[in-house]
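K.L.:
Handing you this structure, nothing more for now.
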Amino acid sequence: MPAGFNKIQSTVQAYNPGADLRAVEEAYDFAKTAHEGQQRKSGEAFFAHPVEVCLILAELHLDSATLQAALLHDVVEDSSVPLSEISKRFGDEVAGLVDGVTKLGKIKFASLEETQSQNLRKMLIAMAKDIRVILIKLADRLHNMRTLSALPPERRREKALETMEIYAPLAHRLGISSIKWELEDLAFYYLEPKRFHQVQKMVAESRAAREKYLHQVIDQLQTELKAVGIETEIGGRPKHLYSIYQKMSQKGKDFNEIYDLIALRVITASVKDCYGALGTVHSIWKPVPGRFKDYVAMPKFNMYQSLHTTVIGPAGRPLEIQIRSEEMHRTAEYGIAAHWRYKEGGRGDESFDERLSWLRQMLEWQTELKDPREFMEALKIDLFEEEVFVFSPKGDVISLRRGSTPIDFAYAIHTEVGHHCVGAKVNGSIVSLGYELQMGDQVEGLTNKNSGPSRDWLNIVKTSSARS
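The C-terminal residue of the sequence shown carries number 484 in the numbering used here, and the numbering is unbroken.
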C-alpha cells in the first residue's frame, strides 16, 4: 500500500469500518501516475493537491465514488488522460463527477458585484448534475486557499475575493459549517491582513482567562445536568476570526462586547434532552431577554438545528450556549454531505428526507432523495425552471428567462444593443436570432447601427425588456 494512502484509509475506516477501499486506492495510483512530474506553484508535487482534497471529503464522511473522483478531479484537465479512460477504469458514476468538476472549473468569475455573485452561486448549482460535484469543488477551493501563499499578491486577492463571495456562501447554503468557517477565515487573512492580525491578537490575549472561565462554567453545568439525569458532551465552541470581525464592524461593537466570545456547545442524546438541558441552564443562570432562538422547532434554511440562548454567567459575564442533539451536530458540521455518510454500508440516514427543511423552504419541494443526481435534477427543476444563466463577452453572468434568445440577451445588455442586433455568436459560432440559449453559453450580440427592431422578433423573444 502506498505510504500516502495510509491517512485516507485510516480516516475512512474511522467512520465506515466496512468500506471497500480497493477502488479508492486504484484511483490514488492512477492519479499519481497521471500527475507524475507535475508541480504546483509552491514547488511541491502536484499530486499532493488531489490527496488533500480527498482527505477533506473523507473528513466529511463521503462515499467512495466521491473520494475516487476527488483523487482524479484534475486528471482530465491537467494530463493527457481522456474522460473515456476514467469511465472505462472507474465507471460512469466516478467519470460523471470528474466531468462535472472539470466543467465547473471553466466558469470564469469576471465580476463579483452582489447580483453577479448570487447568479454565479446559482449557476454553479445549476451546471452540476450531482451535488457531490459541488462538494468536491468546495474541497478543491479549501485546499487551494490553504496553499494560497504560493501565488502572486494580486492573484491571492482575486482568489480570496471569489472565496468570500462565491464559495463560503455556497458552503453555508449547503450547511457545511466546517468548510464555511475555514474558507471565511482564510479569505479574511488575505483580504484584510491588518484587521485579521488585530482580531487574532485580541483573541490570543484573552485566551487564558477565557479558557479558565470556560472550565469553571463547564464543571458547574455538567454537575447540574448529571443531577437531573441528562448525559451530555460539553465543550467550548471555537470562535472564528472573521465572524468576530463581522459582528464588531456590522454592529459597531467593541471586542469585549461580542457575546459569543465565551461560547459553549452542549450535545445531548435526544431532542427531549435538548429542552431539558435548556431548562437546567436557565435555572442556573439568568437568560438575557431577546437572545433565545429555537432552531430545533424552526430549522434554518440549510437544515441547521440548535437551541441558542445567552445567559448572565458567573461574574456577570454574558455566556452564549448552543444546545443540540448528536444528530443535529452531525448535520451542522456536514450539512448536505451528511446524507451520503454511510451510503455504501447500507446505513444511510433514512430520516434525512424529513429533516431537509431548508430545501422545502427554498423550493416548496418534497421527494425522496435516494440518489444525489436525482436530488440535483429536482433542485434544478424547481430553482431554475424559469431561469437560464449565460456569459457576456466580458464574463458577466446574465440571468434570462428559460427559452430566451440572443435578442433577449442583447436587450439585457442595453436597449441600444437590442435595437441594433443583427446576429449573434454563441460559444464562438454564429447562431440564428431564434436560437434558444442554454445554461453557461457565452454570448456575443452582433450589431449594425443602421438596422432596427423587427416585428417578427415578438414571436421569439421571452423577456419583457425585449418586448417593450
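For every residue, glycine included, the Cβ atom is placed at its ideal position computed from N, Cα and C.
Could you tell me which residues DSSP pairs with residue 334 in its beta bridges?
P.N.:
If you number the sequence shown from 1, residue 334 lands on position 318. Note: residue 334 sits in a beta bridge opposite 328.
K.L.:
Do you know offhand how far residue 90's Cα is from residue 161's?
P.N.:
As a working mapping, residue 90 is identified with position 74 in the sequence shown. As a working mapping, residue 161 is identified with position 145 in the sequence shown. Between residue 90 and residue 161, the C-alpha separation is close to 17 Å.
K.L.:
Report the residue ranges of all alpha helix (DSSP H) runs contained in full by the stretch 205 to 266; include only those spanning at least 4 residues, in chain order.
P.N.:
209 to 243
K.L.:
Closest to residue 187 by CA distance: which of 347, 414 and 437 is it?
P.N.:
Taking the first residue of the sequence shown as 1, we reach residue 187 at position 171. Nearest C-alpha to residue 187: 347.
K.L.:
Out of curiosity, what's the CA-to-CA distance linking residue 296 and residue 324?
P.N.:
The residue you call residue 296 lines up with position 280 of the sequence shown. The residue you call residue 324 lines up with position 308 of the sequence shown. Each residue's alpha carbon lies about 14 Å from the other.
K.L.:
Looking only at C-alpha atoms, which of 190, 213 and 224 sits nearest to residue 257?
P.N.:
Looking up residue 257 in the sequence shown gives position 241. Of the listed residues, the one whose Cα sits closest to residue 257 is 213.
K.L.:
Alpha carbon to alpha carbon, how far is residue 20 from residue 413?
P.N.:
Position 4 of the sequence shown, counting from 1, holds the residue named residue 20. Position 397 of the sequence shown, counting from 1, holds the residue named residue 413. Rounded to the nearest angstrom, the two C-alpha atoms are 40 Å apart.
K.L.:
Among 293, 309, 223 and 156, which residue has its Cα nearest to the Cα of residue 321?
P.N.:
Along the sequence shown, read from residue 1 onward, the residue named residue 321 stands at position 305. The option with the nearest alpha carbon to residue 321 is 309.
K.L.:
Which residues does DSSP list as the beta-bridge partners of residue 437?
P.N.:
Numbered from its first residue, the sequence shown carries residue 437 at position 421. In the DSSP output, where bridge partners are listed per residue, residue 437 has 463.
K.L.:
Does the stretch 235 to 250 touch the stretch 204 to 218, meaning 3 or more C-beta pairs lie closer than 8 Å?
P.N.:
no
K.L.:
Taking 7 Å as the limit between beta carbons, can you name the residues of its chain near residue 337, skipping five residues before and five after?
P.N.:
By 1-based counting over the sequence shown, the position of residue 337 is 321. Cβ neighbours of residue 337 beyond the five flanking positions: 280, 282, 297, 325 and 327.
K.L.:
What are the boundary residues of the beta strand (DSSP E) that includes residue 406?
P.N.:
Looking up residue 406 in the sequence shown gives position 390. Segment 403 to 407, the beta strand (DSSP E) holding residue 406.
K.L.:
What are the residues that DSSP puts in a beta bridge with residue 499?
P.N.:
Lying outside 17 to 484, the shown extent of the chain, residue 499 is not represented and no answer is given.
K.L.:
Tell me the residue span of the alpha helix (DSSP H) that contains residue 187.
P.N.:
As a working mapping, residue 187 is identified with position 171 in the sequence shown. Looking at the DSSP string, the run of the alpha helix (DSSP H) that includes residue 187 is 184 to 189.
K.L.:
Taking the alpha-carbon of residue 121 as reference, which of 107, 154 and 106 has the nearest alpha-carbon?
P.N.:
Residue 121 sits at position 105 when you count from the first residue of the sequence shown. Residue 154 is the option with its Cα nearest to residue 121.
K.L.:
So the beta strand (DSSP E) residue 413 belongs to, where does it begin and stop?
P.N.:
Your numbering for residue 413 matches position 397 in the sequence shown. First-last of the beta strand (DSSP E) with residue 413: 413 to 417.
K.L.:
Within 10 angstroms of its Cβ, does residue 457 collect 16 or more other Cβ (buried), or is it exposed?
P.N.:
If you number the sequence shown from 1, residue 457 lands on position 441. It counts as buried.
K.L.:
With a CB to CB cut of under 8 Å and the five nearest residues on each side skipped, what residues in its chain are close to residue 56?
P.N.:
On the sequence shown, residue 56 is found 40 positions in, with the first residue counted as 1. Taken in chain order, the residues that qualify are 62, 64, 65, 163 and 166.
K.L.:
Go ahead and label residue 420 buried or exposed: buried means 16 or more other beta carbons lie within 10 angstroms of its beta carbon, across all protein chains shown.
P.N.:
On the sequence shown, residue 420 is found 404 positions in, with the first residue counted as 1. Buried, by the Cβ-count rule.
K.L.:
What does the alpha-carbon distance come out to for the pair residue 108 and residue 71?
P.N.:
Here residue 108 corresponds to residue number 92 of the sequence shown, with the count starting at 1. Here residue 71 corresponds to residue number 55 of the sequence shown, with the count starting at 1. Distance between the alpha carbons of residue 108 and residue 71 is about 22 Å.
K.L.:
Tell whether a beta-carbon distance below 8 Å holds between residue 96 and residue 36.
P.N.:
On the sequence shown, residue 96 is found 80 positions in, with the first residue counted as 1. On the sequence shown, residue 36 is found 20 positions in, with the first residue counted as 1. Taking 8 Å as the Cβ cut-off, residue 96 and residue 36 do not qualify as a contacting pair.
K.L.:
Figure out for me which residue from 273, 196 and 424 has the closest Cα to the Cα of residue 461.
P.N.:
Taking the sequence shown and counting its residues from 1, one reaches residue 461 at position 445. Considering only alpha carbons, the answer is 424.
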